[in-house]
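Residue numbers (the UniProt record's numbering): 1 to 345. No residue lacks a Cβ here, since even glycine has one placed at the ideal position from N, Cα and C.
(1) Report yes if the C-beta distance between residue 265 and residue 161 is below 8 Å; otherwise report no.
(2) Round the Cβ separation of residue 221 and residue 86 to the nearest angstrom and send it over; I've been treating them as touching at under 8 Å.
(3) Once the 5 residues before and after residue 189 are set aside, which same chain residues still bring their CB inside 8 Å of it?
(4) In the DSSP assignment, what are the bridge partners of residue 191?
(5) Where does residue 203 land, buried or exposed, given buried means 16+ other C-beta within 10 angstroms?
(6) For residue 142, name the three-state secondary structure that DSSP assigns.
(7) What residue does the alpha helix (DSSP H) around residue 128 start on, and which one ends it?
(8) Take residue 151 as the anchor and find which of 105, 269, 341, 337 has the nearest alpha-carbon.
(9) Which residue from 201, 271, 231, 46 puts its Cα closest to that of residue 296?
(10) Is the region 245–264 close to the region 163–170, with three or more CB pairs under 8 Å?
(11) Work out the CA separation of residue 344 and residue 195 for me, nearest whole Å.
(12) Return the residue from the list 254, 163, 325, 300 that minimises the CA-CA distance to residue 116.
(13) Does DSSP put residue 263 in a helix, in a strand, or in coil?
(14) Can the beta-carbon of residue 305 be found closer than 8 Å to that of residue 49?
(15) Considering only heavy atoms of the ligand NAD, does any lie closer than 7 Å to the CB of residue 227?
(16) Nearest to residue 251 by CA position, among 100, 237, 51, 36, is which residue?
(17) Between the Cα of residue 57 and the Cα atoms of 312, 218, 321, 328, which residue gives the shortest distance?
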């Protein structure tokens, strides 16, 4: 007696009509994504740069842009979490300097560079923790807290260095290896700073889009009271965001020291405005609850390409500041208009 085994039906391949229907649907999702506007602006900026300068699109120039935006990009990843919580961190430039000076002083005193680097990162974490505790425990608005710690951390950096610059020499033990973090190139091609930025950005994307912490971040930024009522630990979420911001600022500071082998107490002044600008240009709502990590990455790239084009054309640094400020105002105005349009709809 023979038996026949029935095979499960094989699904038919999608018909051309179904396939063509899926593509417009994906295209519509892309066009309606929050990042679509700034991505279109980034593409337009890239085309403009290619038209204005034949060297703009060359690989050497683009890799140079990647190296230049790495430190700002790393800091922007951490600041994104803070802004999505409906808070602000104005102290990241000062944390950048304090971490770099702490690391440089320890290396100069004979510490091994890995231990000195860990201390520099710990300084950033502690600074972010202090910011977060002042906000969630004392209830002081983050704008006031970080405006104050901007001066406090900067003052501490000047005090511990006695206002003197710190310069590392490759003849010092371990300095040559330490410098590879900022000056080296992966496979002799990709700047190590850009590699660090890519890794931090990937972790940020996963944390925000795939973790409970990311979900809670959107919940707290969207409606803090509603998030608390459904069981979200609002204080813990905000505290974690400030710690992440401090850590990324500390990491950027350490990489900055590794790249230049030089730091002083005034290093990083005004850097916080560029970082926050990248996050806002990337589509994050200034009052929290809306935005993506991909948007921040695009915003960082936009600022980097814009500054590169202005440099190639020999535009004065003063005019570069004016242009960057106008772009920020335009980005915030566009975000406000979009939010009003959605509320009317």
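Per the coordinate set shown:
(1) yes
(2) 5 Å
(3) 63
(4) 185
(5) exposed
(6) helix
(7) 113–136
(8) 269
(9) 201
(10) yes
(11) 43 Å
(12) 254
(13) strand
(14) yes
(15) The model on display carries no ligand, and the ligand NAD is accordingly not part of it.
(16) 100
(17) 312
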